[in-house]
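In what follows, a single structure is set out as C-alpha cells and then discussed.
Protein chains in written order, with our numbering: chain P, 1 to 299; chain Y, 300 to 569.
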C-alpha cells in the first residue's frame, strides 16, 4: 500500500493488555492544572522501568470539570491492577496533593473502584472530612493553601497498551516533523495517550537482549547506523532516521482511531517531505495478543 | 395509568397509621384488596375504604387527598415509587424511607424523614421537630437522601444525622444539627438557639449568621472548593437551592462542637 508516496508496510503492531484509569486535575487556572498534570504524568514513558505509562489526555474547559474550574484529564496505564493503584496513589500524593490550588477527581465512573483520595486523606491527620455529593464521596484534606479536594475513588478498566507505528524518513528533522504532525492529530482522539516525551520515542526496543539482565534492547533492525552491521536491517539505504509513536488506550478501537489519524497526518506530508515508509513494532507475536494491521487501519 | 388516589372522606378523631399504604406494599394488589386493608386508627382497625374513597390503579404513584395532621407514618420505609400528599401530614412521614419520592403540599408533624436511608422528601409547607432525626433512644438519624423544606422547620433538625442532606428554605428552630454525626444541613433563613449542639462531624451551611455557643471556634474566612459542587448537586430540585444565583463558595468557618470531638463545621455565607 502506498499513500502519497509513503509505503505502508504489510505488517502489524503488537500491543498487550493493561489496566487503565483516568483522573481529572483541576486548579485555579489552566496553568496550574497543567503543572500538576505534567508532574503526575512525569517519568511514566514505559512500564519497562517507570512502573506505569501515563500521559495527558486533553485540557478540559470549566464546564467539563466537576468543580467548574479549568482542568486536565490524565490517564495512567500499568500491567496490573495493584501496580496501577500504587502508581496512582503515589503520583496523586506527591504531584497533585502538593500542587497549589489543585483538586482531583475520578475520570472513569464505572469499572473496579481504586483509591484516589481515599488513602490520601490520612495526610489530613484526623482533620480530614468527607462529603458525599450526588452519591460520590469526596475527601476534604486541610492543606496550607486551603483545602485539597479529592474524590475517594476512580475507575480501573481493562485497557490496551503498546499500539505503535514507526515513521521512516530520509532525515532526522523530517522524521520528527512527521511525528509532530501525527501527535497533533492524535491528541484530538479521546481515550488514548502517547506516553513518550512529546508523544515520540526515538529508542524503540525489541524484546530481549544479549545481556541476560535486560528484557528489552535497541531495535537494531530499525537503527539507521547499523544498516551495515546488524544481521537483518529493515531499512533501505535512503532511510536515515526512524521514530516511533506508542499509543495506550482504553480499547483497541480507540487505538485504531488514533493510529489512523496519526498515520494519515504522516502520509499527508508524504514522500515530498522525505517520508519513505510507515512500519510497526512487530515482534512475531511474542509481545501481545492485540494486533494492529497497518494496511487494514489505513484501508 | 392514573395515580392510585386515596381521598379522605372525613377526619377521624383518632390518629391513623398509614404505613400499609406505600407503593411497594401495594404493588400487584387489586383495588378490592387495597380497599380491604386495615389501618390502625386509635384502638380500632378500619378498612381503607371506610376512611378513603379510592380511585386510580397506579400503585407506584399514590396521591393522598384531604390529608390532615393525624395521618401518621405516611410513606414508612417507602421503597420506590412516589407519594403525593395534598394537605398536612402527621408524625413520622417518610420514616425509614429507602428510595422514591414523597411530596407534601402542606405541613408535617414531628419526625418527618426520621432515619430515612435514601430518596427524596419534599415538604412544601413547614416541618415539625426532629426533621430527619433519630427515634428516641436510637443513635443514628437520617442516613441518606435529601429532605427539602420550603417553609420553616421546627427544633432539633437533623438530630443524630448520620448522612444525607437537609435543605431548609425558611428558618430552623433551636438545636439545629444537634448531635450530628455527619451529613449536611443548609438553612437559608434564620436558626434558633444552640445550633450544632454536641455535633461531632458534618456541615451546617447557613445564609445568616447564627447565635453560636462558646464551644464553636472561629476558623476564619475561606473559599471552599466543595461548595460549588454541592450547589450543583441541587440543580434538579424544585427549590431556591437550585437557583445558580444563590450559590457561593466564600464562607466563614466555625469548627465544633468542641465539647464533642469538634470535627463538625458551621459555614456562614460571607
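Note that CB positions come from ideal geometry on N, CA and C, so glycine has one too. Owing to the predicted nature of the structure, the values given are computational and were not obtained by experimental measurement.
Paired residues, beta bridge with residue i - DSSP
i, result
"residue 142(P)", "147(P)"
"residue 237(P)", "DSSP, once it has assigned bridges, lists no residue as partnering residue 237(P)."
"residue 360(Y)", "381(Y)"
"residue 277(P)", "7(P), 168(P)"
"residue 521(Y)", "550(Y)"
"residue 429(Y)", "DSSP, once it has assigned bridges, lists no residue as partnering residue 429(Y)."
"residue 291(P)", "14(P)"
"residue 371(Y)", "316(Y)"
"residue 173(P)", "Beta-bridge pairing links residue 173(P) to no other residue."
"residue 24(P)", "73(P), 105(P)"
"residue 248(P)", "193(P)"
"residue 366(Y)", "386(Y)"
"residue 115(P)", "153(P)"
Alpha-carbon to alpha-carbon, residue j and residue i
i, j, result
"residue 519(Y)", "residue 307(Y)", "53 Å"
"residue 394(Y)", "residue 428(Y)", "14 Å"
"residue 404(Y)", "residue 136(P)", "30 Å"
"residue 329(Y)", "residue 257(P)", "56 Å"
"residue 202(P)", "residue 244(P)", "6 Å"
"residue 303(Y)", "residue 353(Y)", "7 Å"
"residue 511(Y)", "residue 384(Y)", "36 Å"
"residue 143(P)", "residue 521(Y)", "12 Å"
"residue 146(P)", "residue 523(Y)", "8 Å"
"residue 313(P)", "residue 89(P)", "Residue coverage of chain P in this structure runs from 1 to 299, which leaves residue 313(P) outside it and unanswerable."
"residue 424(Y)", "residue 152(P)", "36 Å"
"residue 508(Y)", "residue 560(Y)", "23 Å"
"residue 1(P)", "residue 9(P)", "7 Å"
"residue 402(Y)", "residue 390(Y)", "15 Å"
"residue 205(P)", "residue 265(P)", "24 Å"
"residue 193(P)", "residue 56(P)", "7 Å"
"residue 42(P)", "residue 73(P)", "14 Å"
"residue 422(Y)", "residue 342(Y)", "29 Å"
"residue 557(Y)", "residue 63(P)", "39 Å"
"residue 299(P)", "residue 255(P)", "16 Å"
"residue 200(P)", "residue 25(P)", "24 Å"
"residue 344(Y)", "residue 550(Y)", "53 Å"
"residue 37(P)", "residue 376(Y)", "46 Å"
"residue 514(Y)", "residue 500(Y)", "14 Å"
"residue 301(P)", "residue 272(P)", "Outside the displayed span of chain P (1 to 299) sits residue 301(P), for which this structure offers no information."
"residue 124(P)", "residue 555(Y)", "17 Å"
"residue 182(P)", "residue 286(P)", "27 Å"
"residue 552(Y)", "residue 517(Y)", "6 Å"
Close-in-space but distant-in-sequence residues of the same chain around residue i (CB under 8 Å, 5 per side omitted)
i, result
"residue 81(P)", "19, 112, 114, 156"
"residue 92(P)", "23, 40, 104, 116, 117, 120, 150"
"residue 356(Y)", "300, 301, 303, 330"
"residue 87(P)", "44, 51, 52, 54, 76, 78"
Supposed close pair residue i, residue j - CB separation, criterion 8 Å
i, j, result
"residue 49(P)", "residue 281(P)", "So it is not a contact: roughly 18 Å between Cβ atoms."
"residue 490(Y)", "residue 464(Y)", "The Cβ separation is near 16 Å, so there is no contact."
"residue 267(P)", "residue 59(P)", "No, residue 267(P) and residue 59(P) are not in contact; Cβ-Cβ is about 27 Å, not under 8 Å."
"residue 224(P)", "residue 53(P)", "The Cβ separation is near 26 Å, so there is no contact."
"residue 495(Y)", "residue 563(Y)", "6 Å"
"residue 411(Y)", "residue 430(Y)", "5 Å"
"residue 476(Y)", "residue 498(Y)", "5 Å"
"residue 419(Y)", "residue 445(Y)", "5 Å"
"residue 167(P)", "residue 283(P)", "Wrong, their Cβ atoms sit about 18 Å apart, outside the cutoff."
Residues near residue i by beta carbon distance below 7 Å, same chain, minus five either side
i, result
"residue 250(P)", "20, 157, 159, 191"
"residue 527(Y)", "546, 548"
"residue 274(P)", "169, 170, 171, 174"
"residue 432(Y)", "410, 413, 440, 455, 457, 458, 459"
Close beta carbons around residue i, own chain, < 6 Å, minus the five adjacent residues each side
i, result
"residue 310(Y)", "367"
"residue 451(Y)", "425, 469, 470"
"residue 313(Y)", "340, 341"
"residue 214(P)", "none"
"residue 540(Y)", "466, 533"
"residue 487(Y)", "468, 506"
"residue 110(P)", "155"
"residue 66(P)", "105"
"residue 448(Y)", "422, 426, 467"
"residue 472(Y)", "453, 454, 491"
"residue 34(P)", "72"
Cβ-heavy atom distance, residue i to the ligand NAP, below 7 Å
i, result
"residue 296(P)", "What this structure holds is no ligand at all, so the ligand NAP is not there to describe."
Three-pair Cβ contact test at 8 Å for the stretch 120-137 of chain P versus the stretch 169-182 of chain P: no
Validate contact between the stretch 387-401 of chain Y and the stretch 331-343 of chain Y using beta carbons, cut 8 Å, 3 pairs: no
Stretch pair the stretch 289-298 of chain P + the stretch 20-35 of chain P: three plus CB contacts closer than 8 Å: No, the stretch 289-298 of chain P does not touch the stretch 20-35 of chain P.
Contact between the stretch 314-321 of chain Y and the stretch 368-378 of chain Y (3+ Cβ pairs under 8 Å): yes
At least 3 beta-carbon pairs within less than 8 Å: the stretch 348-365 of chain Y vs the stretch 415-424 of chain Y: no
Meets three-Cβ-pair contact criterion under 8 Å: the stretch 137-145 of chain P and the stretch 236-255 of chain P: no
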